[in-house]
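Residue numbers for the sequence shown follow the working numbering, so the first one is 58 and each next one is one higher. Even for Gly, the Cβ is constructed at its ideal location relative to N, Cα and C. Being a predicted model, the structure only gives us computed values, none of them experimental. Please read the structure below before turning to the comments.
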Amino acid sequence: MIGTTNCGGSMLHITSLIAVYVVVVLYALAGVLVLTTGRALPWRRRDVLRPRWWGCGALLFAAGMGLCRYASDVRDRTVLDILFGVGLPLMLGGGVLQVLGQRVGRGPA
């Protein structure tokens with residue numbers, strides 16, 4: 058394992074850890090689904106113009122969010138800086154790809 062993690066924690070901390078990772082996994086699964094099928098999720102089909110870009114953005118965003126969540130538990134400052142330094146650009150790049158994949162400024166299809 059990289060760095061030293063805070064293994065102990067309150068029940069609220071453990072619950073938030075599980076909740077965030079569930080969201081990360083679901084978001085990554087949505088990105089994989091969009092990339093494999095080439096179609097946006099049913100409730101997003103009207104807004105997504107380029108599903109492949111949106112799917113890549115979802116995967117990058119989920120990876121960045123997972124790295125940042127893991128970094129919040131690391132105690133080693135150098136590893137923390139590296140994980141946040143990698144996770145935040147992944148999240149920003151994923152968000153940009155998702156915006157580029159949507160129908161921005163055109164209104165409903």
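**Asked** Of the residues I139, Y78, L90, which one's Cα is nearest the Cα of W111?
**Response** L90
**Request:** Could you name the residues of the same chain whose beta carbon sits closer than 8 Å to that of Q155, not counting the 5 residues immediately before and after it, in chain order?
**Result:** W110, W111, G114, A115, F118
**Message:** So within the region 85 to 139, which uninterrupted alpha helix (DSSP H) runs reach at least 4 residues, ignoring any that extend past its ends?
**Reply:** 108 to 128
**Message:** For S73, tell me which candidate among L98, G123, R102, R96 has the shortest Cα-Cα distance.
**Reply:** G123
**Asked** If we call anything under 8 Å between Cβ atoms a contact, is G152 one with R107?
**Response** no
**Item:** Rounded C-alpha distance that separates V131 from I71
**Value:** 14 Å
**Request:** Spatial neighbours of V77 within its chain, please: CB distance less than 6 Å, with the 5 preceding and 5 following residues excluded, ordered by chain position.
**Result:** R126
**Asked** Just to confirm, are A120 and L86 a CB contact at a threshold of 8 Å?
**Response** no
**Request:** Have a look at the DSSP bridge pairing and note the partners of Q159.
**Result:** V105
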